[in-house]
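Student:
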Amino acid sequence: MNKISHGQELFLSRLRRHRLIVRLARVVILVLFLILWEVCADTGIIDSFIFSSPSKIALCFWEMVTDRSIFLHIGVTLYETIVSFLLVTLFSVLIAVLLWCSRKLSEILEPYLVVLNSLPKSALAPLLIVWLGATPTTIIVAGMSVAIFGSIMNLYTSFTTVDREKIKLIYTLHGTRRHALFKVVLPSSVPAVISNMKVNIGLCLVGVVIGEFLAARNGLGYLIIYSSQVFKMDWLIMSIVLLCIMAMGLYAVIGVVEKLYQKRY
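When the letters of the sequence shown are read in order and numbered with this note's numbering, they come out as residues 36 to 300.
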């Protein structure tokens with residue numbers, strides 16, 4: 036076993052101290068913000084009816100935990116987000132592979148993918164409701180629509196920028212295009228796929244919330260739009276906070292997958 040030198044120990048010590056300082060600073064900023072928010076609401080500096088307060092939000096959350104209604108809303112949004120994310124990942128990889136296999140097809144479809152990716156996805160949601168009805172399927176498709184076109188373009192670009200010399204080597208050894216795909220292109224593009232997943236999980240959550248605004252009776256998006264209509268600001272801000280926590284958790288899960296891949300390969 037190699038012995039760590041004094042310089043390496045010093046570097047690792049500084050690195051650990053840096054990470055500790057960063058984590059503590061994040062916690063301190065959050066705590067100070069919550070305290071300032073609470074004090075301003077209690078003293079009347081801000082209108083507690085409009086801006087609510089951390090204590091009111093916590094009390095509202097606890098009441099919804101007690102009657103278990105919050106678990107339904109969180110579960111619905113989480114389910115729709117995960118399903119749309121998995122479908123986006125699957126279809127974007129399959130379509131990107133298809134485009135890589137057929138250069139003519141990629142040249143034909145490229146302008147359409149660019150246009151669809153640039154289109155504001157909130158404009159598609161009412162159309163999806165007319166086509167599919169106000170169902171969970173509509174919300175899942177809305178979540179997919181936000182991420183899938185950009186994901187296809189990014190993955191296809193990654194596939195086309197793989198090391199040409201490795202592909203030439205496959206062909207030199209009398210390999211086929213299928214061998215080049217499975218031996219070079221896909222393995223080399225795994226980091227790009229994971230990076231794409233980290234972006235898509237947030238985009239799918241955004242699309243699901245947009246869909247829930249228009250076509251849901253449950254979910255955090257529905258809770259936000261309903262609470263804004265009846266001026267229950269505690270519910271509204273609590274739902275936004277829960278969405279932030281959900282986004283952080285889902286992103287962290289993808290981060291764990293990335294670290295496991297890096298350790299293995």
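Here a beta-carbon is modelled for each residue, glycine too, at the ideal position from N, C-alpha and C. Note that the structure is predicted; figures quoted are calculated from it, not measured.
1. Please state the DSSP three-state secondary structure of G302.
2. If we ignore side chains and look at the alpha-carbon of each, how far apart do G242 and Y191 end up?
3. Helix, strand or coil: which one does DSSP assign to L154?
4. Is DSSP giving A131 helix, strand or coil here?
5. Take S87 and list the residues in its own chain whose beta-carbon comes closer than 6 Å to its own, dropping the five residues that flank it on each side.
6. Going by alpha carbons, who is nearest to G254 out of R58, A93, E142 and I174?
7. Take every Cβ of the stretch 133-150, pair it with every Cβ of the stretch 183-203, and state whether three or more of those distances are shorter than 8 Å.
8. Does G254 come out as helix, strand or coil in the three-state DSSP assignment?
9. Is the separation between the beta-carbon of S127 and that of S223 shorter than 8 Å?
10. Look at the alpha carbon of L285 and the alpha carbon of Y147, and state the distance between them as a whole number of angstroms.
11. Measuring alpha carbon to alpha carbon, tell me which of K156, G290, V220 and L278 ends up nearest L249.
12. Where does V265 fall in DSSP's three states?
Tutor: With the given structure in hand:
1. This structure gives no information on residue 302, because the portion of the chain shown stretches from 36 to 300.
2. 22 Å
3. coil
4. helix
5. M268, D269 and I272
6. I174
7. yes
8. coil
9. no
10. 30 Å
11. K156
12. coil
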